[in-house]
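Numbering (mature numbering (1 follows the signal peptide of the UniProt record, and there is no 0)), first residue to last: -20 to -1, 1 to 393.
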């Protein structure tokens, strides 16, 4: 009886496999367009697109579990007419395509690859150039977007879209992508339990990474360089931020990382280098900043109102113009065991901890907050004297904002 069951199962699986077919698409093939191949394909089929140029747009795949493979990066030229490929299905894969000339619109989110209401999919190793939106995911889950190169030449925010745009989805992994020259590199809204890993986002108009109303997410090992601003994390909670690099995000209103109304999160082992403001925090609570490097920024940390119970521990503050700018009460925010390149104290017992507490908020940073034009006095001797007098007897800066255990040597992590 048992042998009969296994024989039946084997024959059933063999029948399913044998029904799957491979469809080739090329100018000299029996099937000459991608849409024609999609229309004739069945669940489980492989569409192999040969290396040619296909002038097609609005290629639509509905409820078919297909594997689409481009050989030698065949070009899909949407001729500025709209979306290149849209798909709504489960268990599918799209890889190896080059998509160009996606349409632009003020009312439609035309995109290179649109994935909606889908589950268990991969969009990998594609190249997208001259796109409005690159890859757009909506109401989808258990998907991976990896190894894609997305480029465009965005000139203004109103006439450009995002590289990887994800809305109302969960369990999505975005990894090893390059996004250059879009509005936002990667954008998440209402996206939970997802990971953003090892991506390069540079030269984008607004943010390298921008997410809102998204909880329980991880972003790790990414590089955000020379964007309008590096990363904005807003109206979210339980966000884990590790081993990222925020570099060269310069501008009058720019920063490496903006945190606004974010709670119960952690920043660990990140590098902030050459940013106007490394971190701007507003309405953030219960955030741990542990073992991060702040190098050569204008402001390392700029704390605004309603910031409670944050912990800054074992960070390196290296040659920033201002290490900390602070507005309001201390609100149980703590600085401990950090290394400050501006610390000039001593360590008589040689335990590696300074014997004199360090006050990271200078009088000059207070003055610049009140009167930005005062920045022209940054390197003057007069300012050094003012800062020294304020450290001796604090009047304008928070008297209880100190690092009681400043490290004498740069922290290795």
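Glycine residues also receive a C-beta, built at the ideal position from the N, C-alpha and C atoms.
Just so it is clear, the structure is predicted and the values come from calculations on it, not from any experiment.
- Boundaries of the beta strand (DSSP E) harbouring residue 209: 209 to 217, taken from the DSSP string.
- Around the beta carbon of residue 25, 16 or more other beta carbons lie within 10 angstroms, which makes this residue buried.
- Bridge pairing for residue 280: absent [DSSP].
- Secondary structure at residue 385: coil, using DSSP grouped into helix, strand and coil.
- Note on geometry: alpha-carbon atoms of residue 389 and residue 332 lie some 7 Å from one another.
- In this structure residue 2 touches residue 28 by the C-beta definition: roughly 6 Å separates them, less than 8 Å.
- DSSP places residue 333 in no alpha helix (DSSP H); its state is neither H nor E.
- Shortest Cα-Cα distance from residue 261 to any of 90, 249, 245 and 7 involves 245.
- Cβ contact annotation for residue 255 (same chain, cutoff 8 Å, sequence separation greater than five): 210, 226, 227, 228, 229, 230, 234, 235, 236, 277 and 278, in chain order.
- DSSP places residue 19 in the helix class (H, G or I) of the three-state scheme.
- For residue 206, the closest alpha carbon among the candidates 195, 197 and 188 is that of 188.
- The beta carbon of residue 23 is closer than 7 Å to those of 44 and 45 in its chain, skipping five residues each way along the sequence.
- Going by beta carbons, residue 92 and residue 51 fall outside the 8 Å limit.
- Proximity to residue 42 across 199, 243, 15 and 147 peaks at 15, based on C-alpha coordinates.
- Fully contained in the segment 124 to 207 are the following beta strand (DSSP E) runs of length 3 or more, in chain order: 129 to 131, 144 to 155, 158 to 160, 166 to 172, 175 to 177, 180 to 182, 187 to 192, 197 to 200 and 203 to 205.
- Beyond the five residues adjoining it in sequence on each side, residue 127 comes within less than 6 Å, by CB distance, of 104, 105 and 156 in the same chain, given in chain order.
- CA-to-CA, the gap between residue 32 and residue 9 works out to about 12 Å.
- The alpha-carbon separation between residue 281 and residue 303 amounts to approximately 6 Å.
- Within the DSSP bridge table, the entry for residue 274 names 252 and 297 as partners.
- Rounded to whole angstroms, the separation of the alpha carbons of residue 117 and residue 125 is 10 Å.
- Taking 8 Å as the cut-off, the beta carbon of residue 162 is found no closer than this to the beta carbon of residue 83.
- If the five residues before and after residue 202 are omitted, its C-beta is found closer than 8 Å to the C-beta atoms of 176, 177, 178, 179, 180, 181, 188, 189, 224 and 225, all from its own chain and listed in chain order.
- Taking the Cα positions, residue 238 is about 12 Å away from residue 208.
- One thing to note: residue 89 has its Cβ within 8 Å of the Cβ of residue 141.
- If you draw a straight line from the Cα of residue 147 to the Cα of residue 168, it is about 6 Å long.
- For residue 91, the enclosing beta strand (DSSP E) stretches over residues 91 to 96.
- Its chain contains 37, 38, 83 and 90 as the residues whose beta carbon lies nearer than 6 Å to that of residue 62, once the 5 sequence neighbours on both sides are disregarded; these appear in chain order.
- Pairing residue 337 with residue 305 gives a Cβ-Cβ distance that is not under 8 Å.
- For residue 112, no beta strand (DSSP E) segment is defined, and its DSSP state is neither H nor E.
- Scanning its chain for C-beta atoms nearer than 7 Å, with the 5 sequence neighbours on each side dropped, one finds around residue 119 the residues 96, 97, 148 and 149, in chain order.
- Between residue 293 and residue 265, the C-beta spacing is not below 8 Å.
- By the Cβ neighbour-count rule, residue 334 is buried, with 16 or more other Cβ atoms within 10 Å of its own.
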